[in-house]
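Read the structure below first, then the notes.
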Amino acid sequence: MRRGSVGAASLGIAPSSREDCLYCDGPAEHPCEMFEWEVQVIVGNPVGLGACGASSGHATAMDALRTALRKLDPETVAWGRIIHRVYEFGAAPDGWRRQVIFHASRGPAGTVVFDRIQT
Numbered sequence: 008m009r010r011g012s013v014g015a016a017s018l019g020i021a022p023s024s025r026e027d028c029l030y031c032d033g034p035a036e037h038p039c040e041m042f043e044w045e046v047q048v049i050v051g052n053p054v055g056l057g058a059c060g061a062s063s064g065h066a067t068a069m070d071a072l073r074t075a076l077r078k079l080d081p082e083t084v085a086w087g088r089i090i091h092r093v094y095e096f097g098a099a100p101d102g103w104r105r106q107v108i109f110h111a112s113r114g115p116a117g118t119v120v121f122d123r124i125q126t
């Protein structure tokens, strides 16, 4: 149960939301947004999750992904992506909006190339 649900249930009070959003201060006109980045490493047939993180800034997430891809061994086959996630107060995690906005791959000479995903 979410934080405070047990106390609210014992008092007969309905919870105010389905889940507390750790990124939101409360109901607001504008939901909170984050940019998640992740590296996918291909090891044989399965794809494994490599380094990952999140930032409130779009450019910061791109820089972190670029740095993570450059740190990998040149022989490692890997790619990455930037996911724009919107955290809405009162929405369950499955209800948060999530959209992949960039794919990243390593080009020749260790450069990182970003491709914008059109939706």
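Start counting the sequence shown at 8; every next residue gets the next number (the working numbering). Using N, Cα and C, we set each Cβ at its ideal position, and we do this for glycine too.
Under the DSSP assignment, Asp70 falls in the alpha helix (DSSP H) whose first and last residues are 65-78.
Counting the other Cβ atoms within 10 Å of the Cβ of Arg123 gives fewer than 16, which makes it exposed.
Under the DSSP definition of a beta bridge, Ala61 partners with Glu43.
Annotation for Arg104: Val93 place their beta carbon closer than 6 Å to its own, counting only its chain and skipping 5 residues before and after. DSSP places Ala111 in the uninterrupted beta strand (DSSP E) bounded by 104-113. In the three-state reduction of the DSSP assignment, Gly51 falls in the coil class, being assigned neither a helical nor a strand state.
Ile89 sits buried, since 16 or more C-beta atoms from the chains shown fall within 10 Å of its C-beta.
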